[in-house]
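Its first residue numbered -4, the sequence shown is counted upward by one per residue in the working numbering.
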Amino acid sequence: CLHLHRTVQQIHEAGALAGVALNPATPLAAVEEILPFVDLILVMTVNPGFGGQTLIPAALRKVERLRRLIDELGLPAVIEVDGGVKESNVAAVIRAGADVVVTGSAAFPPGGSTVEALQALRRAMQGS
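Structure (structure tokens):
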């Protein structure tokens, strides 16, 4: 976005919440200046484009740094994590600082039960 601050202002003026997204290779520094003005930061933990990818571990370190920064500044922004989140890593994602997780493929296993998958994810999250 060429004029991110102005775009965020316009979104708020329209009565909506504003967020920014960080792809795995985008440094946290790219959004540091806008953090006080956004409601949500989406950290992509896979390269966007298709489901079923494996979470990129370096992206979790970005979530940890972002959580520390938001907490140090006393900001209300929510951290959302999307990409490769599944039962085996959802607790680590939450421990890293995510407030919201997008489970995508993990919630809809091919030939499996969505209800059972969501129950397993909930159990794993409670272990964080």
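Backbone N, C-alpha and C define an ideal beta-carbon position, used for all residues, glycine too.
Residues sharing a beta bridge with residue i, DSSP
i   : result
D34 : Answer by DSSP bridge pairing: none, since D34 is not bridged.
L17 : V38
V95 : E75
Unbroken beta strand (DSSP E) run spanning residue i, endpoints
i   : result
V76 : V73 to D77
For residue j and residue i, the rounded distance between their alpha carbons
i    : j    : result
E72  : A86  : The amino acid at residue 72 is misidentified as Glu; the sequence shows Ala. Going by the C-alpha atoms only, they are around 20 Å apart.
D77  : T40  : 6 Å
S108 : Q5   : 42 Å
V58  : I36  : 10 Å
E28  : G106 : 45 Å
R56  : G69  : 20 Å
Member of the options whose CA lies at the smallest distance from the CA of residue i
i     : options                 : result
A91   : H7, V110, I6 and A53    : A53
G44   : P31, P19, H(-2) and E59 : P19
P31   : E111, Q121, G14 and V38 : G14
N42   : V110, A16 and V96       : A16
D94   : L50, M120 and G10       : M120
L(-1) : V33, A11 and G10        : V33
For residue i, the first and last residue of its enclosing alpha helix (DSSP H)
i    : result
I65  : P52 to L68
Q4   : L(-1) to E8
L116 : T109 to Q121
Is it the case that the region 12 to 25 contacts the region 80 to 95, given that we only count it when at least three CB pairs across the two stretches are under 8 Å?
A contact is defined here as three or more CB-CB pairs under 8 Å, and the region 80 to 95 fails this definition with respect to the region 12 to 25.
Are at least three pairs of beta-carbons, each pair with one atom in the region 99 to 110 and one in the region 55 to 67, less than 8 Å apart?
With the rule of 3 Cβ pairs closer than 8 Å, the region 99 to 110 does not count as touching the region 55 to 67.
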